[in-house]
Amino acid sequence: MDKRFGMFIHFGPVTLRGTEIGWSRNKEVPEADYDSLYREFNPVLFDADRWVKTAKDAGVKYLVITAKHHDGFLLWPSAVSAYNIANTPFKKDMVGLLAKACKKQGMSFCIYMTVLDWHDPDYLIHSPHDTLHNVKGDMPRFVNTMKSELTELITRYKPDMLWFDGYWEKPWTNEFGRQIYQHIKKLDARIVVNNRLGKESEKLNENSVGDFLTPEQRIGNINMLEPWESCITICNQWAWKPNDAMKSLRECIQTLVKTAGGNGNLLFNVGPMMDGRMEQRQVDRLKQMGSWLSKYGEAIYGTKGGPYAPNEVYAATRKGSKIYIHLFKPVGGSLKLPALTGVTVKSARVLGGGTLKFTTADGLQITIPDKLPDENCTVIVIGINSDAEKLAVIK
Ligand code: FHN
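Residues in the sequence shown are numbered consecutively from 45, following our numbering.
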C-alpha cells in the first residue's frame, strides 16, 4: 500500500485489431479471426526496459502485466498450453523479459491472470456473447490447468502480487478460488493476491478470497480498514485502441491523489500498440505525472488517506505529524477545513513553497494565494503536535 501507484498493462494479439482484449472476440472480431491473430503477432519494437523506464519516469512503483486474459492467450512460453507467445513470429518470453527488466530497475513485478478463459474448451462458457451454446467443459480439469500455469508463472518469474480477474461468471466458485489461493501460498507465501479469486467483490470477509479490494474504473470510497486499489484506464479501452480519448493531466493527477486520499492505491492502465511500443502521447502524459510526483511524492508514497475524506475541492493524506492537503481548485483566498479536535496546528506551508497564514478560531482556516502554485493540484503541508495517522476520519 505504501507504493500507492502501479501501472496496469493490457497487451496481446488483439492489438492487431485495436479492439478490446477478450471482449471483442465473437463480437467485433469473429472467433476464428481472433483466435488466429497469434500467427501474425510480432511486436518487434517491444522493449521491456523501455516499458519499465516509462513506468519509473511516471513515478510508478509496481507493474502488472496481463499474462493471460479472457482470450486465453499466454504471454509466456508455457508447457501447459500451446496457445502461447513461443508459437508466434515474436517467439520471445514477454513475461520473462518484463520480470527481468523490473528486477534490474527496482520495479515490483506483478502478474494479471484471469480465472475465465473463453478459448479453453474445458471452461464452461465459450463466449460471453453467446451463453446459450455453452461447451460441455470440465471445470476440475480447467482448474488443474490453471494451477499448472500458475506454477510456471510463480516459480519462473517470482511475482510480488497476482491480480486475478473474471470471478463474476457462473462456472467459477469460491471453492475454486480457495483452491487456487492455497496453491499460490504453498508455492510462495509472500505473494499478495487481489480479491478477484472469490465471488464477493465489495468487502473482505469469510466469503471473499484474497487480500485487497479492487474497485474498477472508479475511485474507491475512503477505507482505513481494508486495503484497496482502484484500477482505471488512462484512455477508455483496456487494450490499445487507435485514437482512444486520453485523460487530461489534471484528471490523471487528481485521480491518483483522490485514491491516495481514500487510503487506496491507483493501478493505472496503458495498452501498448501492436508493434510493442506505448503511444508517445501516453508516455508523455505519464512523464508529466512523474514530474508532479517528483515534487509532491512525499505527500503520496508511504502516506495514509485522510483525515479529511476526499471531495471535489481537496483530498488529504498524512504521515507522522504532517497532514497534506491536496487542493484541486482555487478557493477564493481562504481554505476552510473542519476543526482537528484535540490537536494543535503548529504550521502551514505550500509543499516546496512558502509559509501560509492560518487561524483555528473557527475550524482551521488557511490563507491561500489566488494563483495556485500548481493548477492541477497544489499541496499544502500542515504541521501538528501529534501523530496525524491516529486521527479519526473527518467526512
Ligand atoms: O473483463 C476485464 C477487463 O477486460 C479488464 O481486464 C478489467 C481490468 O480490471 N477487468 C475486467 C472487467 O471487470
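For every residue, glycine included, the Cβ atom is placed at its ideal position computed from N, Cα and C.
For the alpha helix (DSSP H) that contains residue i, what are its first and last residues?
| i | result |
| --- | --- |
| GLY305 | 293-305 |
| GLY140 | 138-149 |
| ILE344 | Unbroken run through ILE344: none, as it is neither H nor E. |
| THR422 | Note, THR422: premise wrong, no alpha helix (DSSP H); beta strand (DSSP E) at 422-428. |
| THR98 | 92-101 |
For the beta strand (DSSP E) containing residue i, name the first residue and the last one.
| i | result |
| --- | --- |
| VAL394 | 389-394 |
| LYS380 | 378-381 |
| THR361 | 358-363 |
| LYS366 | 366-371 |
Does DSSP classify residue i as helix, strand or coil?
| i | result |
| --- | --- |
| ASP128 | This sequence places Asn at residue 128; Asp is not what is there. Correct three-state label for ASN128: strand. |
| VAL327 | helix |
| VAL187 | helix |
| PHE256 | strand |
| ILE169 | coil |
| ASN251 | coil |
| LYS202 | coil |
| LYS229 | helix |
| LYS339 | helix |
| HIS111 | Reading off the sequence shown, one finds Ala at residue 111, where the question assumed His. Here ALA111 sits in strand by DSSP. |
| SER245 | coil |
| MET333 | helix |
| ASP79 | helix |
| GLU270 | coil |
| GLU213 | coil |
| THR59 | helix |
| LEU197 | helix |
| GLN223 | helix |
| ASN86 | coil |
| ASN265 | coil |
| GLU64 | coil |
| ALA432 | helix |
Which residue or residues does DSSP assign as beta-bridge partners of residue i?
| i | result |
| --- | --- |
| PHE312 | MET51, ILE276 |
| PHE208 | MET157 |
| PHE402 | ILE410 |
| TYR106 | GLY50, SER152 |
| ARG69 | VAL73 |
| ASN238 | PHE256 |
| TYR352 | ILE438 |
| LEU118 | LYS112, ASN128 |
How would you label residue i, buried or exposed, when you count the other beta carbons within 10 angstroms and need 16 or more for buried?
| i | result |
| --- | --- |
| ASP414 | exposed |
| MET190 | buried |
| LEU269 | exposed |
| GLU323 | buried |
| GLN298 | buried |
| VAL88 | exposed |
| GLY377 | exposed |
| ASP77 | exposed |
| GLN326 | buried |
| TRP216 | buried |
| GLN281 | buried |
| TRP67 | buried |
| THR388 | exposed |
| GLU246 | exposed |
| TRP212 | exposed |
| ASP164 | buried |
| HIS370 | buried |
| GLY407 | exposed |
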